[in-house]
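> At position 57 of the sequence shown (counting the first as 1) the number is 57 in the working numbering, and the numbers step up by one without a gap.
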Amino acid sequence: MPLVHIGDGRTPWEVFEQKQYLGNSRIAPCSYALKILPCRRWLTDNTDPTTTVLYIGLDPSRRDRRRAPAIERGWRPWRVEFPLLDEPGLSKAAMLAEARALGLTPPQAYELGFSHANCGQLCVRAGQKHWLNTLTHFPDRFADYAEREQKFRTRTGKDVAILKETRGGVTYPLTLTELRRRHEQAQRGTP
Ligand code: SF4
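Have a look at this one:
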């Protein structure tokens, strides 16, 4: 099949600003607005659900397996298949090796220790470990997001953040600026 690129041209931050909602690990409006909605529109305009199968690349990990039923329901009336789930022993390393053997160049992100290459290592759904890796390898990108996050907080007056942390059983927003401050403090070895 020919490869089709679908997109509406906005960035995640444009979606956050328009919706006045900062995407985070729990709710990411960018994912729906920039990926699911445009895909669904394209499928509606170009395919017949009775003869079309959607192939989705969930991997055989337990986490991805748990996601499959909801994804299947979400794409109805199209039929969805997850070919990689039929290969239970398939590891990420084996998939990357197979891709290379087929002449594909996997994104650099995998070599740098990221588990995916979404949105330039700036996915708002990612956790602290991922963002610290972004800080290490792409400090300018991290700084840009930290600044945008601070501006969003100031403009809306809301105590919101991309990341979260749990202290004493209570969950609090954790800003990228604070994450970087703690990281730098730990590197200096000061309490
Ligand atoms: S990869 Fe992450 S930041 Fe990018 S659109 Fe999806 S949820 Fe949003």
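Using N, Cα and C, we set each Cβ at its ideal position, and we do this for glycine too.
Please read all numbers here as calculations on a predicted model, not as lab measurements.
1) Please confirm if the region 31-38 is in contact with the region 50-67, defined as three or more CB-CB distances below 8 Å between the two stretches.
2) What number of angstroms, rounded off, separates the C-alpha of L102 from the C-alpha of E178?
3) Going by beta carbon distance, what residues of the same chain come within less than 6 Å of T134, once the five residues before and after it are set aside?
4) Could you give the first and the last residue of the continuous alpha helix (DSSP H) run that contains P69?
5) Does G157 pass the burial test, meaning 16 or more other C-beta atoms within 10 Å, or should it be called exposed?
6) Counting pairs of Cβ atoms below 8 Å between the region 37-48 and the region 10-21, do you hit three or more?
7) Within the same chain, show all residues whose beta-carbon is closer than 6 Å to that of A126, passing over the 5 residues directly before and after it, in chain order.
8) Could you check the C-alpha separation between P109 and R155 for me, to the nearest Å?
9) Quick check on the DSSP output: what are the complete beta strand (DSSP E) runs of length 3 or more inside the region 152-189, in order along the chain?
10) Give the DSSP-derived three-state secondary structure of L192 in the structure shown.
11) Which residues have a Cβ closer than 7 Å to any heavy atom of the ligand SF4, listed in chain order?
12) Quick one: Cα of D8 to Cα of P38, how far?
13) Please work out which residues of its chain come closer than 7 Å, Cβ to Cβ, to W13, disregarding the five sequence neighbours upstream and downstream, and give them in chain order.
14) Sort out for me which residues DSSP pairs L90 with in a bridge.
15) Run through DSSP, which three-state label would R100 get?
16) In three-state terms, what does DSSP make of R125?
17) If distances are taken between C-alpha atoms only, which option among G189, S61, V80 comes closest to E87?
18) Inspect the beta-carbon positions of A117 and P107 and report whether they are closer than 9 Å.
Result, derived from the coordinates:
1) Contact between the region 31-38 and the region 50-67 is absent, with fewer than three C-beta pairs closer than 8 Å.
2) For L102 and E178, the distance between alpha carbons rounds to 43 Å.
3) The residues Q121, F142, in chain order, have a CB closer than 6 Å to that of T134 in the same chain once the five nearest residues on each side in sequence are set aside.
4) Per DSSP, P69 is one residue of the alpha helix (DSSP H) stretching across 62-74.
5) By the neighbour-count rule (16 or more Cβ atoms within 10 Å), G157 is not buried but exposed.
6) Result no; under three Cβ-Cβ pairs closer than 8 Å.
7) Exclusion of the five residues before and after A126 leaves no residue of its chain whose Cβ lies closer than 6 Å to its Cβ.
8) First, the amino acid is wrong: residue 109 is Ala here, not Pro. Between the alpha carbons of A109 and R155 lies a distance of about 33 Å.
9) Those beta strand (DSSP E) runs which fall completely within the region 152-189 and span 3+ residues are 163-167, 170-174.
10) The requested residue 192 is not part of the displayed model; the chain covers only 1 to 191.
11) With the criterion CB distance below 7 Å from any heavy atom of the ligand SF4, the matching residues run P12, G23, A28, C30, S31, L34, K35, N118, C119, L122, C123, V124, R125 along the chain.
12) Distance from the CA of D8 to the CA of P38, rounded to the nearest whole angstrom, comes to 7 Å.
13) The answer, listed in chain order, is R148.
14) According to DSSP, L90 bridges with nothing at all.
15) Secondary structure of R100 (DSSP, three-state): helix.
16) R125: coil per DSSP, three-state reduction.
17) Distance check between E87 and each of G189, S61, V80 places S61 closest, using alpha-carbon atoms only.
18) A distance below 9 Å separates the beta carbons of A117 and P107.
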